[in-house]
Every structure is written in C-alpha cells, then in structure tokens.
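Working notes, beginning with the structure itself.
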Amino acid sequence: MGPVLAGVLQLLALIAALALAHKPLGTYMAKVYTSDKHWRVEKWIYKGIGANPDTEMRWPAYLRGVLAFSAVGVLFLYLLQRLQGVLPGSLGFASIDPDQAFNTAASFVSNTNWQSYYGEQAMGHVVQTAGLAVQNFVSAAVGMAVAVALVRGFARSRTGGLGNFWADLVRGVVRVLVPIAVVGALVLVACGVIQNFSGIHEVGQFMGGTQQWNGGAVASQEAIKELGTNGGGYFNANSAHPFENPTPFSNLFEIFLILLIPFSITRTFGIMVGSVKQGYAILATMATIWVGFAALMMWTEFAHHGPAFEAAGGATEGKEVRFGIGASSIFAVSTTLTSTGAVDSFHSSFTGLGGGITLLGMMLGEIAPGGVGSGLYGMLIMAVIAVFIAGLMVGRTPEYLGKKIGSREIKLAACYILITPALVLVFTAFAMALPTPANSMTNSGAHGFSEILYAYTSGANNNGSAFAGLNADTQWFNTTIGLAMLLGRFLPMVFVLALAGSLAEQKPVPATAGTLRTDKPLYAGLLAGTIIIITGLTYFPALALGPLAEGLAG
C-alpha cells in the first residue's frame with residue numbers, strides 16, 4: 004500500500020468513526036445540559052463550593068462565575084509550581100521560575116497548554132496530576148459551559164437567564180469529560196501508553212552514556228489532553244513521544260478524541276434550539292473546512308518538489324516514521340483547526356505552504372470544528388456575521404434562529420472577531436521590532452518571522468502548538484504570550500455572554516417568505532465563504548511575509 008493511499012484510508016476511517024459517534028454523543032450532551040436533576044456526587048460538589056445549581060444567572064453573573072473560577076485556577080496552579088521544590092513527588096525538580104510559572108498557569112487555565120519548558124525535566128508528579136491534569140478537565144468544561152450559555156440565548160426568549168455556570172461546569176466534567184476520558188485512557192494503555200508513578204531511571208546507552216527517563220500518569224493525562232482539546236504533553240516531544248503515542252492506531256485514536264466533542268456538540272446545539280437541521284448546517288460547514296484543509300495539507304506534503312522529497316515519497320523531515328506523512332498531516336490539521344495544540348510531528352519542518360496551512364487553521368478562529376465549546380460559540384458568532392452580510396445584500400433586517408440581529412448584536416460579534424487578530428498582530432509587531440525577542444529565533448528571514456507569528460497566533464487563539472524553532476522560555480515570551488493567552492480566552496467570552504444575554508431577552512420573530520433559511524446548503528456555503536474572506540483580509544499581509552514567501556521561494 005502506498006503512503007498516499009494509506010493517508011486517504013486513515014482519513015476515511017476517521018470520518019466514519021466520527022459519524023458513528025455524532026448522534027449518540029450529541030444527543031447525550033443535550034440531555035446533560037437540559038436535565039433538571041442532579042447526581043449525588045454533583046450535590047456534594049455544589050455543597051463543597053457553596054453554589055446553588057438551580058439559580059438562574061443573567062449574563063453578568065454567569066461571566067463573574069467564569070472569571071472568578073478561572074482566576075482561582077491561575078493562582079492555585081501558579082503557587083503549586085512555585086512550591087514544587089518542597090512538595091512530595093517532585094522527582095527532585097526545583098520550583099518553577101516566576102515568569103514560567105505565570106505562563107504555564109495562564110496556559111492551562113485558558114485551555115491553551117502552550118509549554119515553554121521540557122515536561123520530563125521540569126514538572127513532577129504532583130504538578131502534572133494535581134495541577135495540569137485537573138485544569139485539562141475544568142478549562143475544557145468552562146468552554147463547554149460558555150457555548151451552552153450562548154445556545155440558550157438563541158433558544159430562550161423574553162428572559163435574561165442563561166442557566167447556571169456552576170451546574171454547567173460540574174456537569175461537563177462529571178457527566179461528559181470524566182467518563183469518556185476514563186475509556187480513552189484504558190484504550191491508550193492497551194495501545195502501550197504508560198501509566199505509573201515511577202521515578203527517574205536510566206535506560207540503555209546513548210552516545211556513549213546512559214539516558215534518563217521518568218514515568219508518569221501519562222495515559223490518563225493524554226486522554227483528557229486530546230478529548231478536552233488541551234494539548235499539553237507530558238513529555239517535550241508531545242504526541243510524537245512513544246510513551247504518549249506508540250502506534251499508528253493510538254495516533255488515529257488521539258485524532259478521534261480531539262475531534263469527538265467539537266463535531267458532536269453541533270447536534271447538541273440543534274436539539275437545544277429545536278432544529279436538528281440547524282446543527283447539521285453548522286456541522287457541514289465545519290466538516291467541509293476540515294476535510295478541505297486535510298486534503299490540501301496532504302497534497303503539499305506529498306507533492307513537494309525536489310529529488311530528496313521525491314526519493315522519500317514526500318516531505319518526511321520532522322515526521323515520525325511510524326505514522327507517516329498522511330497521518331501526520333491529518334493530525335496537524337486537526338490540532339490547529341481545534342484549540343488542541345498537541346503535535347505528532349513538528350510544524351516548523353513542514354513545507355512552507357504546509358506550515359502556512361497550520362497557521363491559517365488557527366487564524367480562522369479554530370472553529371472547524373474548533374475547541375471543546377469554543378469552536379461552537381466561535382462558529383455561531385460567524386453565523387451571526389454571515390446572516391448580517393446576507394441581510395445587507397438583500398436589504399432585509401438579518402435574523403438567525405428567530406432572533407433579530409440588530410446593532411447591539413453585530414457590535415458584540417464584531418468585537419469578538421477583532422480582539423484575537425489585534426492581539427496576534429500587535430504582539431508580533433512588538434516582538435519583531437524590539438531587538439531582544441528576535442534573538443530567540445532559530446531561523447532568519449521568512450521562516451524566522453513565521454516562528455514569531457505562529458507563537459502569538461497559537462497563544463491568542465488558545466491553541467498551544469509551537470513551530471518548534473523558537474526559544475520561548477524567556478521573560479519576554481513567557482510574559483507576553485501568557486497575557487495573549489489570558490486576553491485571547493476571556494475577552495471573547497465577555498462578548499459571547501453579552502450577546503447571549505441580548506438574544507435571550509428578545510421575543511422570537513416569526514419566519515416569513517423572505518427569511519433566510521439557515522439550515523440549507525446555500526447558507527452553509529455563505530458561512531464558509533464569510534469565514535475564509537474575513538480571515539484572509541485580516542491576516543493576508545502577515546501570511547505573505549512568512550509562509551507564503553517561504554513556500555513560493557521554495
């Protein structure tokens with residue numbers, strides 16, 4: 004079997020598995036977030052945190068819950084790292100420096116999981132399990148809660164209530180993430196992923212000396228890292244490390260976990276708004292972009308010109324031979340079109356155009372299918388923009404799901420889509436203009452610029468993957484990327500929840516003969532076109548200076 008055919012077959016198998024899981028998981032999550040019953044373990048949690056899960060929250064109260072919970076998470080994780088040197092289970096590692104501790108705390112709480120450290124050489128068992136793994140669960144649940152709040156804004160009328168943040172948070176963890184992560188961890192252990200609490204030990208011979216490795220609860224963290232679209236690796240090599248991802252099957256299974264909830268939650272959306280067809284329209288848009296990016300990535304990596312590439316059957320540098328070009332391309336597209344950041348190959352080694360595809364995937368806003376929760380609410384914001392554009396073209400007041408999109412709604416949507424590009428481009432400009440940050444670049448020219456652009460794109464979009472050529476463990480990058488991650492996560496949530504509150508207060512508008520049918524292929528095409536055009540207009544100059552210049556020169 005040729006490598007191209009193998010890649011195509013893996014893509015088809017992945018699509019089939021996601022299609023089989025879409026309906027049952029999407030329906031189950033709709034029941035989770037609409038149920039009026041609380042499990043016993045959930046009641047214990049509510050009692051422990053002093054929350055009343057039956058209290059309806061308007062959007063300012065819901066936002067305060069999101070921000071307060073996340074702020075406590077940042078503080079706790081920061082202190083845990085700073086105290087690592089005196090904690091048991093530290094494996095002898097010292098406490099983390101203040102700037103790196105801030106960066107890591109901001110990273111994991113914002114569901115970014117950007118890492119400027121070597122996991123196996125910096126973080127002990129306590130920080131990995133009690134700190135990082137816990138945030139993998141709760142940060143993902145926060146994104147799901149905000150998405151559900153926006154869906155309720157579309158589904159409800161003449162009320163400001165968006166549900167209860169604490170109930171949504173706890174249910175997302177207890178009923179959705181934990182059960183699937185447990186099953187996922189068992190599958191990964193069966194594939195050969197390690198799961199232990201062993202210390203540092205020497206193995207084999209390496210360049211005339213011994214090599215040291217430490218164990219860890221890797222399978223359990225790997226499962227939620229992918230399922231929650233987190234991405235932080237237990238080891239520096241991330242999902243290219245054989246302890247995290249040992250076989251081609253485990254590799255395909257990890258891609259499946261990355262895409263499982265983001266694709267399935269579109270059915271949850273359709274059920275909650277009372278029209279499954281609306282969910283299918285969003286799903287079709289997401290799937291079309293994802294499949295298109297995967298096909299384009301495989302083409303660029305398989306068909307790159309040059310004798311060395313042709314002899315190897317494609318661009319193999321930086322890719323694990325046990326996965327191959329096809330699987331590495333699918334993983335790269337899936338991780339950058341979601342807010343995952345896990346990698347099984349190194350994006351800096353991709354072709355110039357291939358690296359540009361990973362950048363563009365993040366620049367779209369990671370909405371195809373996007374992160375857990377964040378992908379859905381990002382796509383719904385773009386849906387609002389799309390119906391507004393359609394309304395302008397026909398001279399009609401835009402409506403979406405029976406709600407009028409007026410000046411307030413479009414201003415909130417516009418602020419959402421502008422904040423992340425502003426963070427990316429401003430921070431990149433400062434890093435390129437100042438003398439010190441440029442010293443962290445491994446490469447010069449267009450590729451070096453792409454390293455800086457990728458870092459801030461990854462941080463502000465809460466992705467977490469890296470181009471792998473930038474030394475980001477400096478005070479400048481730890482601080483500025485940390486700020487980009489926090490602002491890129493929580494400022495958009497302000498506009499999402501404000502929009503949800505505005506929509507929930509409206510009374511429904513009856514559909515007429517002139518109402519745009521947002522459950523039809525025509526609208527899905529309009530939505531996809533809107534996403535591509537807005538992203539292209541925003542980022543084209545930056546892309547032209549980096550990956551496009553490199554790709555065309557090669």
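Residues 4 to 557 (our numbering) are what the sequence shown spells out, left to right. Ideal Cβ placement from N, Cα and C applies to all residues, glycine included.
- Contact between the segment 114-121 and the segment 455-473 is present: three or more C-beta pairs spanning the two stretches fall below 8 Å.
- Contact between the segment 240-256 and the segment 125-135 is absent: fewer than three C-beta pairs spanning the two stretches fall below 8 Å.
- In the displayed model, Ile408 falls within coil according to three-state DSSP, outside both helix and strand.
- Here Asn114 carries a coil assignment [DSSP, helix/strand/coil].
- Collapsing the DSSP output to three states places Trp216 in a strand.
- Between Ala330 and the set Phe259, Pro511, Leu263, the nearest pair of CA atoms involves Phe259.
- For the pair Gly88 and Ala97, the CB atoms are nearer than the 8 Å cut-off.
- With respect to the 8 Å criterion, Ala487 and Gly462 are classified as neighbours on the basis of their beta carbons.
- The beta carbons of Glu323 and Asp347 sit closer together than 8 Å.
- Per DSSP, Ala226 is one residue of the alpha helix (DSSP H) stretching across 221-230.
- DSSP places Leu17 inside the alpha helix (DSSP H), whose first and last residues are 6-37.
- If the five residues before and after Gly164 are omitted, its C-beta is found closer than 6 Å to the C-beta atoms of Glu59, all from its own chain and listed in chain order.
- Measuring C-alpha to C-alpha distances from Gln198 to each of Ala184, Ser223, Gly175 identifies Ser223 as the nearest.
- Arg155 places its beta carbon less than 8 Å from that of Ala507.
- The continuous alpha helix (DSSP H) containing Asp171 extends over residues 168-174.
- Relative to Ala345, the option among Val190, Ser505, Glu247, Gly76 whose CA is nearest is Glu247.
- In terms of Cβ geometry, Gly175 and Ala144 form a close pair [threshold 8 Å].
- Going by DSSP, Tyr81 is part of the alpha helix (DSSP H) stretching over 62-85.
- Within the segment 369-451, the runs of alpha helix (DSSP H) at least 4 residues long that lie entirely inside it are, in chain order, 377-397, 410-436.
- Looking at the DSSP output, Lys322 sits in a beta bridge with Ser348.
- Take Tyr403, set aside five residues on each side of it, and the residues of its chain with a beta-carbon closer than 7 Å to its own are Ala386, Val387, Val390, Thr521, in chain order.
- Partner residues in the beta bridge of Glu205, as assigned by DSSP, are Gln215.
- Taking Ile333 as reference, the option from Gln124, His244, Gln13, Pro6 with the minimal CA-CA separation is Gln13.
- Non-local C-beta neighbours of Met300 in its own chain, meaning closer than 7 Å and more than five positions away in sequence, comprise Ser332, Ala335, Val336, Gly357, Ile360, ordered along the chain.
- Leu502 carries a helical assignment under DSSP once its states are collapsed to helix, strand and coil.
- For Phe296, the uninterrupted alpha helix (DSSP H) segment begins and ends at 279-305.
- Per the C-alpha coordinates, the member of His450, Asp100, Leu395, Thr288 positioned closest to Leu383 is Thr288.
- Taking the Cα positions, Leu94 is about 9 Å away from Ser201.
- It is roughly 29 Å from the alpha-carbon of Gly295 to the alpha-carbon of Ser110.
- Inclusion of Ala152 and Tyr65 in the CB contact set at 8 Å is warranted, their separation being smaller than that value.
- Less than 8 Å divides the Cβ of Asn139 from the Cβ of Ile227.
- A check of alpha carbon separations from Asp171 across Ala188, Arg159, Asn55, Leu78 identifies Asn55 as the nearest.
- Burial of Asn241 is indicated by the presence of at least 16 other C-beta atoms within 10 angstroms of its C-beta.
- As the crow flies, the alpha-carbon of Phe498 is around 22 Å from that of Ile484.
- It is roughly 20 Å from the alpha-carbon of Phe168 to the alpha-carbon of Pro265.
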